[in-house]
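Everything on this sheet refers to the single structure shown next.
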């Protein structure tokens, strides 16, 4: 029995150190260099006392905006006033006209400083105007909501004749145009006229004053 000759034994390759094993792979040197550079920069940042900036991932909040409805309205002291022209006819050939100017109530004026000078002489009493007292008439119109409108068409009215008087009111009441005519031909018109007194003359009171006036000879 023949035996084959044995191959000569090759010496074993020495084992590489473990710490150099990773450096043998391609790209390991670049990766390790990048890691070292990152660690160095991180250490410098922390060593200076300022933590590294980290980007925030929170969603941005809503942008504040001003709505047109949230802007407060600007109020002015100019409010629509009233200017009414009244033409009155007593039915006997006597007419008169006057104007009612009802402006908004102004703010009270500050009290004046005391004046050591003597008070001036009182002004002469003005001649009464042909119309009613404007303050009283304007206050009454404001209470009833302005000039009384016309009687609705088809309104049932009593056949009570109040007199031949007539009046016409034109102008502006609180910014609204006014054009009204007043008569005393039936119960509805008499009641409408009476609601306008003292903005309109009171024919009954005028007749009473005329009857009470002394007759000149």
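In the working numbering, the protein residues as written are 12 to 228.
Using N, Cα and C, we set each Cβ at its ideal position, and we do this for glycine too.
Three-way DSSP call (helix, strand, coil) for residue i in this model
i           : result
residue 168 : coil
residue 179 : strand
residue 103 : coil
residue 188 : strand
residue 202 : helix
residue 95  : strand
residue 211 : coil
residue 87  : Because residue 87 carries a pLDDT of 34, less than 50, the predicted location of this residue cannot be relied on, and the following value inherits that uncertainty. Residue 87 falls in the coil class under three-state DSSP.
residue 163 : coil
residue 44  : Bear in mind that a pLDDT of 49 at residue 44, under 50, signals an unreliable position, so the number given afterwards is only what the model happens to contain. Three-state DSSP puts residue 44 in a helix.
Proximity winner among the options, relative to residue i (alpha-carbon distances)
i           : options            : result
residue 94  : 101, 189, 103      : 189
residue 177 : 92, 100, 96        : 100
residue 108 : 216, 211, 160, 194 : 211
residue 185 : 193, 158, 171, 173 : 158
residue 191 : 112, 153, 162, 181 : 181
residue 151 : 217, 209, 215      : 209
residue 201 : 171, 97, 165, 217  : 171
residue 195 : 113, 168, 183      : 168
residue 98  : 143, 153, 113      : 143
residue 114 : 145, 92, 103       : 92
residue 215 : 173, 145, 146      : 173
Contact with chain C by residue i, beta-carbon distance below 9 Å
i           : result
residue 183 : The chain labelled as chain C is not found in the depicted structure, where only one protein chain is given.
Length of the line joining the Cα atoms of residue i and residue j
i           : j           : result
residue 175 : residue 213 : 13 Å
residue 148 : residue 111 : 8 Å
residue 163 : residue 155 : 18 Å
residue 193 : residue 207 : 9 Å
residue 198 : residue 160 : 15 Å
residue 96  : residue 105 : 17 Å
residue 165 : residue 203 : 16 Å
residue 153 : residue 103 : 31 Å
residue 217 : residue 145 : 18 Å
residue 205 : residue 183 : 21 Å
residue 179 : residue 187 : 16 Å
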